[in-house]
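Have a look at the structure below before the remarks.
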Amino acid sequence: MLSHKNNFDFLRLLAAFMVLFSHQHNLLGIPEAHFDPRITPGPIGVAIFFSISGYLVIQSWERDPHVFRFALKRFLRIWPGLFVVTLLAACVIGPIVSALPAEKYFTDPGFIHYLNNLRLRITVELPGVFAANPYPRVVNGSTWSIPFEVRWYFILSIAGLLTCLKHRRIILIAVILLAIYQFGIYHAETNADRNWGREYGLYFCIGTLMWLYRDLWQARKLLVAVISVAASTLAYVFGQHLLAELIVIAPLTLLLGSSSTPVLRQFGRFGDLSYGVYIYAFMVQQTLIWAIGPTASFSLHLALTVTITLACAFVSWHCIEKPALALKNASGWPLSGRMSRRLLRAD
Numbered sequence: 001m002l003s004h005k006n007n008f009d010f011l012r013l014l015a016a017f018m019v020l021f022s023h024q025h026n027l028l029g030i031p032e033a034h035f036d037p038r039i040t041p042g043p044i045g046v047a048i049f050f051s052i053s054g055y056l057v058i059q060s061w062e063r064d065p066h067v068f069r070f071a072l073k074r075f076l077r078i079w080p081g082l083f084v085v086t087l088l089a090a091c092v093i094g095p096i097v098s099a100l101p102a103e104k105y106f107t108d109p110g111f112i113h114y115l116n117n118l119r120l121r122i123t124v125e126l127p128g129v130f131a132a133n134p135y136p137r138v139v140n141g142s143t144w145s146i147p148f149e150v151r152w153y154f155i156l157s158i159a160g161l162l163t164c165l166k167h168r169r170i171i172l173i174a175v176i177l178l179a180i181y182q183f184g185i186y187h188a189e190t191n192a193d194r195n196w197g198r199e200y201g202l203y204f205c206i207g208t209l210m211w212l213y214r215d216l217w218q219a220r221k222l223l224v225a226v227i228s229v230a231a232s233t234l235a236y237v238f239g240q241h242l243l244a245e246l247i248v249i250a251p252l253t254l255l256l257g258s259s260s261t262p263v264l265r266q267f268g269r270f271g272d273l274s275y276g277v278y279i280y281a282f283m284v285q286q287t288l289i290w291a292i293g294p295t296a297s298f299s300l301h302l303a304l305t306v307t308i309t310l311a312c313a314f315v316s317w318h319c320i321e322k323p324a325l326a327l328k329n330a331s332g333w334p335l336s337g338r339m340s341r342r343l344l345r346a347d
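Quick note on my numbering: the sequence shown kicks off at 1 and runs consecutively.
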């Protein structure tokens, strides 16, 4: 199994801040510098998250291939943090910043509708909230990816129940067929209706494949990196920019993540803050824009956002996420305390 002394904590945190950085531009109405409009830090950050998730979540299934316990672990990783940030937005931030009086705010159907986030039916608006911001009415624009992530957890568990995960060639063929459909039939590169679930799901699938075929690349990381970059460059030259991203981001993420670099492997010593950064940053950014205005400098907004978001993420991990994850062993599941701590973040 995967050693916990790896670089994944760093990469997850990097991915979360890439999303934060892109959103800072969008929410202030500032154009984001890029060499290709479809290749910006935010989407790359989400791709990194999905790649790592596919690589780690299959390991959780292999350790305990029981569908209900697997589902509970996924629930305990995703839902408690989402529950708190949703209630904080709806019941604390919302009534403070809303243009509506408190009585009208809490009786507006939009208030109850926002709580559908707890059912993974993502809703981004609260009544009268952030209506005058440059990016109006959107309270938390980061949580849209969570239902897609959960959908791929479900698909992986079905594959596990059907014993497909024990036959890696089946998974390889399935992923190849999915990629052929995405890029050859659906024409993802030119199709204006981007299928985000399938697009990012392919990163999840590549992560899963790289775990299943780890014996072929773990001793050849440099060679795999060179091949990945070369193939990505070729795809980009032929106008397949999304395919080029997939070919290079997923493998390089996992090659670096599964390595153990002295400085990078220390990023988790304060906890796994990446999920907290991801789910809190957008709301913090919008609240700061409401409070100090969009005309304040980009640097000031970014500095305040990073500081406040890190504080929220720290509290979220230590007071909500980590205690919730500990519940997965509260039912007497046969897992030692030492092993439980080692596998906490991977699960």
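Glycine included, C-beta positions come from ideal geometry on N, C-alpha and C.
Selected residue, minimal CA-CA separation from residue i, among the options
| i | options | result |
| --- | --- | --- |
| Y59 | V19, E32, V85, T208 | Residue identity check: residue 59 is Gln in the sequence provided, not Tyr. Among V19, E32, V85, T208, the Cα nearest to that of Q59 belongs to T208. |
| A313 | A16, D36, L11 | A16 |
| D9 | L327, S274, E321, L300 | S274 |
| T307 | A324, A281, P294, V175 | A281 |
| I206 | Y236, I173, L223, V226 | I173 |
| A272 | T295, E321, Q286 | According to the sequence provided, residue 272 is Asp. The question's Ala does not apply to it. Looking at the Cα atoms, E321 is the closest of the given residues. |
| L161 | P80, L115, I292, R69 | R69 |
Distance CB(residue i)-CB(residue j) smaller than 9 angstroms
| i | j | result |
| --- | --- | --- |
| V138 | I93 | no |
| V124 | I78 | no |
| F111 | L88 | no |
| K221 | S260 | no |
| T143 | L82 | yes |
| A159 | Y203 | no |
Inter-residue spacing [alpha-carbon to alpha-carbon] between residue i and residue j
| i | j | result |
| --- | --- | --- |
| V284 | F183 | 36 angstroms |
| Q266 | K5 | 8 angstroms |
| Y181 | L56 | 25 angstroms |
| L28 | F21 | 11 angstroms |
| S157 | V67 | 6 angstroms |
| K310 | I44 | Reading off the sequence, residue 310 comes out as Leu, not Lys. Computed Cα separation, rounded: 21 angstroms. |
| Q24 | R214 | 37 angstroms |
| P41 | E103 | 40 angstroms |
| G54 | N195 | 18 angstroms |
| F106 | A132 | 20 angstroms |
| R74 | Y153 | 8 angstroms |
| L72 | V175 | 26 angstroms |
| A188 | L243 | 9 angstroms |
Boundaries of the alpha helix (DSSP H) in which residue i is found, first to last residue
| i | result |
| --- | --- |
| V139 | No alpha helix (DSSP H) contains V139, which DSSP labels as neither H nor E. |
| N26 | 8-28 |
| T309 | 298-316 |
| R77 | 67-88 |
| C205 | 196-212 |
Contact test: residue i Cβ vs the ligand SAM heavy atom, cutoff 8 angstroms
| i | result |
| --- | --- |
| S232 | For the structure depicted, the ligand SAM is absent and the ligand set is empty, with no information on it obtainable. |
Exposure of residue i, with buried meaning 16 or more beta-carbon neighbours within 10 Å
| i | result |
| --- | --- |
| V97 | buried |
| Q218 | exposed |
| S299 | exposed |
| N7 | buried |
CB contact below 9 angstroms: residue i versus chain C
| i | result |
| --- | --- |
| P127 | Annotation note: the requested chain C is absent from the structure, which comprises a single protein chain. |
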